[in-house]
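Take a look at the structure set out below.
As structure tokens, this is what we get:
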């Protein structure tokens, strides 16, 4: 129920002082008509001002007068950008200075502020009011830049070879497999890993959509994706933004088709035991570790070899979990409930994050990601808590512990 609106003294006085309408006087006295019409117009204007005042009392955004006067001068964003500091760029936007500039000059993004705003938004869980403070722009401008900026960024990334999401070809399978066997000699033919990803979404008022996104096993609303990581750490295939009620086997159908039609014999993906391995036409192309309680028969040497092979599968399978953690850990926006009303925008947002993941992997390097990003995200005990337990936090705690907002402002939370 909305709050009652109480009229102020001026409007009360105006309304109570209006004379009763005399039909004969109304018809004959033009001056009377003019005065009465003017009074009604003034009353309507005062009423509108009162409604605006009461609406502003409960608003959750800032006016232009409450922000820094010029969004191009001396804002927190300008200070950050002018520092040209790799660590500052990585902490707040996920990229070093060089890669930020590379994306900026590779497409239609001709504004450093637009790219900075979009990357801040994707890498954080902060409210838009914090983005207002950082970039000194009003709410409508923030929303407009995020909407159009994401669209432009996606089209830009799709034209850049470094961020391509594409299936290996020809000799690339052997190259990827050799990277695996350098550490896991028994996994000849393994070239990547596959796993499912569930991202939270808002609850829809449409009953059909609400049922489609509800996952009974987790008792929450999600959209489901299946992602394939190569042994280089790049995403080489993905099916995104499917209803959360769908099983991974249904979401993964396009990837099963790619395994069947575009993958040479002898090459396979590694998955968790719970991940569906598809139908008989791709048998052996998705391999998993032994299930709990599974019986192994054979000579002592055979059993020892089977256990050693299983251990290597288990070890390499962790790369999929590491890849998922790299995506969710860096793109904090994916941890917040995504908009349920705009399916295409939601899909574009998720896709942008995956292209950016590939761009970062190629431009900065997978080893540098591990040594540079993880320490940046685990500098304190609180950072370690966020890194290891982000998915289990309440959304309010995720916002409080957001590393990007902590970089820009000092907040004090009270119970």
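In full-length UniProt numbering, the protein residues as written are 1 to 415. Virtual Cβ for every residue (Gly too), placed ideally from N, Cα, C.
With DSSP collapsed to three states, give me the class of residue i.
{"i": "residue 362", "result": "helix"}
{"i": "residue 283", "result": "coil"}
{"i": "residue 276", "result": "coil"}
{"i": "residue 416", "result": "For the chain, the structure presents residues 1 to 415; residue 416 sits outside this window and is missing."}
{"i": "residue 161", "result": "helix"}
{"i": "residue 200", "result": "strand"}
{"i": "residue 167", "result": "coil"}
{"i": "residue 369", "result": "Caution applies to residue 369, whose pLDDT of 32 falls short of 50 and renders its modelled position unreliable; the model cannot decide the point."}
{"i": "residue 387", "result": "Because residue 387 carries a pLDDT of 44, less than 50, the predicted location of this residue cannot be relied on, and the following value inherits that uncertainty. Looking at residue 387 - three-state DSSP - the assignment turns out to be helix."}
{"i": "residue 417", "result": "Missing from the structure shown is residue 417; the chain here goes from 1 to 415 and no further."}
{"i": "residue 100", "result": "helix"}
{"i": "residue 264", "result": "coil"}
{"i": "residue 343", "result": "helix"}
{"i": "residue 183", "result": "coil"}
{"i": "residue 375", "result": "With a pLDDT of 46 at residue 375, under the threshold of 50, the predicted position of this residue should be treated as unreliable, though the coordinate-derived value follows. Helix."}
{"i": "residue 120", "result": "helix"}
{"i": "residue 348", "result": "helix"}
{"i": "residue 319", "result": "helix"}
{"i": "residue 327", "result": "helix"}
Judging by CA-CA distance, which residue of the options is the nearest neighbour of residue i?
{"i": "residue 276", "options": "165, 343 and 251", "result": "251"}
{"i": "residue 111", "options": "90, 95 and 81", "result": "81"}
{"i": "residue 168", "options": "320, 272, 322 and 264", "result": "264"}
{"i": "residue 159", "options": "355, 360 and 361", "result": "355"}
{"i": "residue 222", "options": "147, 343, 231 and 120", "result": "343"}
{"i": "residue 174", "options": "220, 161, 231 and 147", "result": "231"}
{"i": "residue 224", "options": "234, 143, 247 and 85", "result": "247"}
{"i": "residue 311", "options": "297, 288, 301 and 299", "result": "288"}
{"i": "residue 351", "options": "301, 290, 155 and 243", "result": "155"}
Quick one: Cα of residue i to Cα of residue j, how far?
{"i": "residue 129", "j": "residue 259", "result": "45 Å"}
{"i": "residue 216", "j": "residue 282", "result": "29 Å"}
{"i": "residue 77", "j": "residue 134", "result": "6 Å"}
{"i": "residue 103", "j": "residue 149", "result": "13 Å"}
{"i": "residue 236", "j": "residue 363", "result": "16 Å"}
{"i": "residue 306", "j": "residue 262", "result": "29 Å"}
{"i": "residue 349", "j": "residue 172", "result": "29 Å"}
{"i": "residue 166", "j": "residue 273", "result": "25 Å"}
{"i": "residue 227", "j": "residue 304", "result": "32 Å"}
{"i": "residue 207", "j": "residue 254", "result": "28 Å"}
{"i": "residue 152", "j": "residue 294", "result": "50 Å"}
In the DSSP assignment, what are the bridge partners of residue i?
{"i": "residue 228", "result": "194 and 237"}
{"i": "residue 188", "result": "Note: residue 188 sits in no beta bridge, so no partner."}
{"i": "residue 214", "result": "221"}
{"i": "residue 270", "result": "193 and 287"}
{"i": "residue 314", "result": "Bridge partners of residue 314: none, in fact."}
{"i": "residue 242", "result": "224"}
{"i": "residue 338", "result": "201"}
(message) Assess contact between the stretch 267 to 283 and the stretch 185 to 200, defined as three or more Cβ pairs (one per stretch) separated by less than 8 Å. Is contact present?
(response) yes
(request) Decide yes or no for the touch test of the stretch 327 to 338 against the stretch 166 to 180: beta carbon pairs closer than 8 Å, at least 3 of them. (result) no
(request) Count the C-beta pairs between the stretch 333 to 349 and the stretch 193 to 202 that are closer than 8 Å, then say yes if the count reaches three, no if not. (result) yes
(message) Would you call the stretch 317 to 327 in contact with the stretch 202 to 212, where contact means no fewer than 3 C-beta pairs closer than 8 Å?
(response) no
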